[in-house]
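Q: Got a structure here, written out as C-alpha cells. Questions coming.
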Amino acid sequence: MTADSAATDNAPVVTATNVVKTFGGLRAVDVEKLEIRRNKITALIGPNGAGKTTFFNLLTGFDQVDSGEITLDGQIITGRPPHQLAGMGMVRTFQLTKVLSKLSTIENMKLGALNQRGEKFWSALVPGSWTKQEREVEARADAILKRFNLTHMRDEYAGTMSGGQRKLLEMARALMTEPRVVMLDEPMAGVNPALAQSLLELIKALPAEGRTVIFVEHNMDVVQEISDWVVVMAEGRIIAEGTPAEIKSNKAVVDAYLGAHHGADLSQVELS
Amino acid sequence: MDWGFIFERTFSAMIGPEVMVYALAAVGLNVHFGYTGLMNFGQVGFMAAGAYGVGVSVFWLGWNFWVGVLFSFVYSAVLALLLGIPTLRLRADYLSLVTIAASESIRLLARSRVMQPITGGVEGVNQFAGPFYDLSPFELGKFYSFGPFKYLGRDVWVLLVGWTLLILVTLMVRALMKSPWGRTLRAIREDEDAARALGKNAYFYKMQSLMLGGMIGGLAGLLQVVQKASVQADTFNPVITFTIWTMLIVGGVGRIWSPIVGASIYWTLIVFVENTLRQLPDGTRASLERTIELSDFNIAMLRFILVGAGLLLLARFRPQGIFGSREEMALDRR
Chain A
1 MTADSAATDN APVVTATNVV KTFGGLRAVD VEKLEIRRNK ITALIGPNGA
51 GKTTFFNLLT GFDQVDSGEI TLDGQIITGR PPHQLAGMGM VRTFQLTKVL
101 SKLSTIENMK LGALNQRGEK FWSALVPGSW TKQEREVEAR ADAILKRFNL
151 THMRDEYAGT MSGGQRKLLE MARALMTEPR VVMLDEPMAG VNPALAQSLL
201 ELIKALPAEG RTVIFVEHNM DVVQEISDWV VVMAEGRIIA EGTPAEIKSN
251 KAVVDAYLGA HHGADLSQVE LS
Chain B
1001 MDWGFIFERT FSAMIGPEVM VYALAAVGLN VHFGYTGLMN FGQVGFMAAG
1051 AYGVGVSVFW LGWNFWVGVL FSFVYSAVLA LLLGIPTLRL RADYLSLVTI
1101 AASESIRLLA RSRVMQPITG GVEGVNQFAG PFYDLSPFEL GKFYSFGPFK
1151 YLGRDVWVLL VGWTLLILVT LMVRALMKSP WGRTLRAIRE DEDAARALGK
1201 NAYFYKMQSL MLGGMIGGLA GLLQVVQKAS VQADTFNPVI TFTIWTMLIV
1251 GGVGRIWSPI VGASIYWTLI VFVENTLRQL PDGTRASLER TIELSDFNIA
1301 MLRFILVGAG LLLLARFRPQ GIFGSREEMA LDRR
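Here is the structure:
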C-alpha cells in the first residue's frame, strides 16, 4: 500500500461529476455522479453501446469530456493527456490488446517504467547515466513477468504471443508504472479458460498491494467472482450500483441488461 | 569493351560522394521511418534546408562559411519543428502529405525569380565552399588511387570528412536506439496509444525524432553541395526522396547499417549498369540499337529500368532487405 493512499483510505480515489460526452446528437456518456472506492475492484457493466468504453476513455484522458469534472485522489484531472495521468498513477489497458509486436516481451515491460533517465535524449547518449536504473527496471520487470508466468517468453517478440498471453503482458506492463488505479478494458476477452483463472487471481491480488481496479467486462461470471462493487451503465447513464449480489438480484437490471443471462444460474461459473 | 574502366568506375562509386550523401540522408530517414514509424516523404526537403542553410548565409548574408554550416543545422531543425507542430498530433498520413509538399515548395521557391537575390534562383549559389577546401591536406586537382578506388584530391577530402561524419552519426544513432529513448521511439512506431497509456509523451518523442532525422538529412544536403561546390534547386527533386527510400528498403528498414549498405548497393548497381551500357562491344550495341537508341539520355533511363527489375527480384525474394529480419516482418501480418 502506498503511503499517501493509506492516509486517505476512505476518500474515493476516482470521482466523476456531471460528466457529459456527446457524439453529434448522441449523448454517449451522461454520468451525474460516480465515486470509485479505494483499493477495491469495481466492475463497469452494461449492454453494448452503453457508453462504458467511452466513459473509460474519458477517465483515462484518451477522450475529452464536453463538460463535467473528473478527479484522481482529489486532484482535478479533466482534460489531462494520458501520459500525464500515467505519471499520476492511473494506467489503462485496451479492449484490443496493444502489445508492441516488434519489441521483445522484456522490452515491452521495461517501457512501462516511469521517469527513466535514459528516456531523455541527451542522457540517452551517455549510457553511464542510465544503465544502473535500467538494471533496476529490468529486475522489477523480471519479477513481474515471473508472477505473470511469462518468463519463458521474456526474449521473444511480443508479436508471437497468443491472445491470452497478450492480455497478461498488457496487464503486467501496466503494473510497471506502479499505478494506484488500474483500468482494465475487457481483460478477459479472448482469453482461454486455462489462462483466465490465473488472470483472475492476478487481478484479485491487486487491491492488497494498494491498487484500485476498475474494469469493463461482459462476462457476468467474471464480474460476480472478482468485483467488490458493480456499476451498471445503459445509454450513457449509470442506472444501478451495488455489490455483485445486489446487482444480481436487481430485477430491473437483470431484465433490461442481462437478458441473455436471465434465468441462467450465475453461480454456475464454468471458469471456477 | 574496357572492363578495367568499368570496374574502376564501379569500385569508386561504391564509397563515392553520392553513396556518402545518400547514406547519410537514409540514416535520417531510418530514424524517422525505421525507428519511429514517421512517414516522411520529403527527406530531400531537409537536404535542401541543409544546403541552402549554408548557401544562403554565405551568398546573401555574407557570413563566414563555418557560421553558415552551423546555421544549416539550425535551419533543418527549425524546418522539422515547423512541419511537425501541425502534423504530429494527427494520423500518420498527414505528415507524409506535408513533408512531400514542403520539399517541393522549398525547391520551387528557391528557384523562383523572386528569391533570386537570396537563393540565386535557377543559377543557384556557387563558390562558397572555399574555406572547406582550404583545409584539405590533399592536392585538389590531383588524382589519388587507393587500391581499386580512384578519386580527385578534392573528393578524397570530402569523402574523408563525409565518411567520418557518416560513421559517427551512425554510431550515435545506434547508441540512441539501444537506449530507453530509442525503445520509446520503437514503442511509438508499434502503437502510439500504448506508449501514451504508459506515460510517454508520444508527440514530444515524435518531434525529437523528426528533428534528429531532419538534421541528419540537412547534413547530407550540406555535404552534397560542398562536394559539388554549388547549390542547385533542381538537384533537390522528389526523385531523390524516393531513391533514399529505396536504399533504406534495400538495406532493411530499422537496422543500423542498412542505410550505408543499401545506398552503396543501389548506387554501385546504377554506375555499373550505366558504364557497361556505354562500353558494350560493337556487335551487342548494334543489335540492341535496333530496339533502342543508346543515347546518353536513354542509357540514363535504362539503368533505372534494369536496377528497378533487380529491386523487383529483391522485393520478391528478400522483402525484408539485406539486414532486415523475416521474423519481424512476419509479425506485421498477424
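Read top to bottom, the protein sequences are chains A and B. Position 28 of the first sequence, counted from 1, bears residue number 28 in my numbering, the numbering being contiguous throughout. So my numbering is basically just the index in the second sequence, starting at one, shifted up by 1000. From the three backbone atoms N, C-alpha and C, an ideal C-beta is built for every residue, glycine too. Because the structure is a prediction, the values reported are computed rather than measured.
1) Nearest chain B C-beta to histidine 83(A) closer than 9 Å, yes or no?
2) Please return the same chain residues whose Cβ sits closer than 8 Å to the Cβ of serine 272(A), not counting the five positions on each side in sequence.
3) Return the chain-ordered list of same chain residues with a C-beta closer than 6 Å to the C-beta of lysine 52(A), the five sequence neighbours on each side being excluded.
4) Tell me the DSSP secondary structure of serine 1258(B) in three-state form.
5) I need the straight-line Cα distance from glycine 1153(B) to phenylalanine 1041(B), nearest angstrom please.
6) Can you find a CB in chain B that lies within less than 9 Å of the CB of threonine 93(A)?
7) Does glutamine 75(A) pass the burial test, meaning 16 or more other C-beta atoms within 10 Å, or should it be called exposed?
8) Report the three-state DSSP secondary structure of glutamine 75(A) (helix, strand or coil).
9) Using beta-carbon positions only, say whether phenylalanine 1046(B) and leucine 1079(B) come within less than 9 Å of one another.
10) Based on Cα-Cα distance, which residue from Ala1051(B), Thr1010(B) and Gly1062(B) lies nearest to alanine 1233(B)?
11) For alanine 37(A), does the three-state DSSP call read helix, strand or coil?
12) Tell me, please, whether the CB atom of tryptophan 1181(B) is closer than 9 Å to any CB atom in chain D?
13) Specify the secondary structure class of lysine 120(A) as computed by DSSP and reduced to three states.
14) Taking Cβ positions only, does arginine 1189(B) come closer than 9 Å to chain A?
15) Is the Cβ-Cβ distance between leucine 200(A) and lysine 167(A) less than 9 Å?
16) Say whether chain A places a C-beta atom closer than 9 Å to the C-beta of alanine 1195(B).
17) Of the residues that make up the segment 106–118 of chain A, which ones have a beta carbon closer than 9 Å to any beta carbon in chain B?
18) Taking all protein chains shown into account, do 16 or more other C-beta atoms lie within 10 angstroms of the C-beta of lysine 1200(B), making it buried, or fewer, making it exposed?
19) Based on Cα-Cα distance, which residue from Ser101(A), Val13(A) and Lys33(A) lies nearest to valine 231(A)?
20) Are there 16 or more other CB atoms within 10 angstroms of the CB of lysine 102(A), so buried, or fewer, so exposed?
21) How would you list, in chain order, the residues of chain B whose beta-carbon sits under 9 Å from the beta-carbon of alanine 86(A)?
22) Please return the same chain residues whose Cβ sits closer than 7 Å to the Cβ of threonine 294(A), not counting the five positions on each side in sequence.
23) Within 9 Å of any Cβ in chain A, is that where the Cβ of glutamate 1008(B) sits?
24) Using a cut-off of 9 Å between C-beta atoms, extract the partners of glutamine 1208(B) located in chain A.
25) Please determine if the segment 1160–1178 of chain B and the segment 1217–1231 of chain B are in contact, where contact requires at least 3 C-beta pairs separated by less than 8 Å.
26) Residues bridged to valine 181(A) by DSSP?
27) How do the segment 1191–1199 of chain B and the segment 1052–1061 of chain B stand: do at least 3 beta-carbon pairs fall below 8 Å, yes or no?
28) If we ignore side chains and look at the alpha-carbon of each, how far apart do threonine 2(A) and asparagine 219(A) end up?
29) May I ask you to report which of helix, strand or coil DSSP gives threonine 17(A)?
30) With H, G and I counted as helix, E and B as strand and the rest as coil, what does DSSP make of aspartate 1234(B)?
31) For threonine 177(A), decide whether its Cβ has a neighbour in chain B, counting only Cβ atoms nearer than 9 Å.
32) Quick check on isoleucine 1244(B): buried or exposed, where buried means 16 or more other Cβ atoms within 10 Å of its Cβ?
33) Taking 8 Å as the line, does the beta carbon of isoleucine 214(A) fall inside it for any heavy atom of the ligand GTP?
A: Working from what's here:
1) yes
2) Since pLDDT at serine 272(A) reaches only 33, below the 50 mark, its modelled position is unreliable, and the value read off the structure follows with that caveat. Cβ within range, chain order: Gln197, Asp221 and Glu225.
3) Leu44, Gly46, Val216 and Met233
4) helix
5) 35 Å
6) yes
7) exposed
8) strand
9) yes
10) Ala1051(B)
11) The amino acid at residue 37(A) is misidentified as alanine; the sequence shows arginine. Coil, per DSSP.
12) Among the chains of the structure shown, chain D does not appear; the protein chains present are A and B.
13) coil
14) yes
15) no
16) yes
17) Glu107, Asn108, Lys110, Leu111, Gly112, Ala113, Leu114, Asn115, Gln116, Arg117 and Gly118
18) buried
19) Lys33(A)
20) buried
21) Arg1196, Ala1197, Leu1198, Gly1199 and Lys1200
22) For residue 294(A) there is no data in the structure shown, the boundaries of chain A being 1 and 272.
23) no
24) Phe121
25) yes
26) Met90(A) and Thr212(A)
27) no
28) Bear in mind that the predicted position of threonine 2(A) carries a pLDDT of just 47, short of 50, making it unreliable; the figure below should be weighed with that in mind. Answer to the nearest angstrom: the Cα atoms are 31 Å apart.
29) strand
30) helix
31) yes
32) buried
33) Annotation note on the ligand GTP: not contained in the displayed structure, which lists no ligands.
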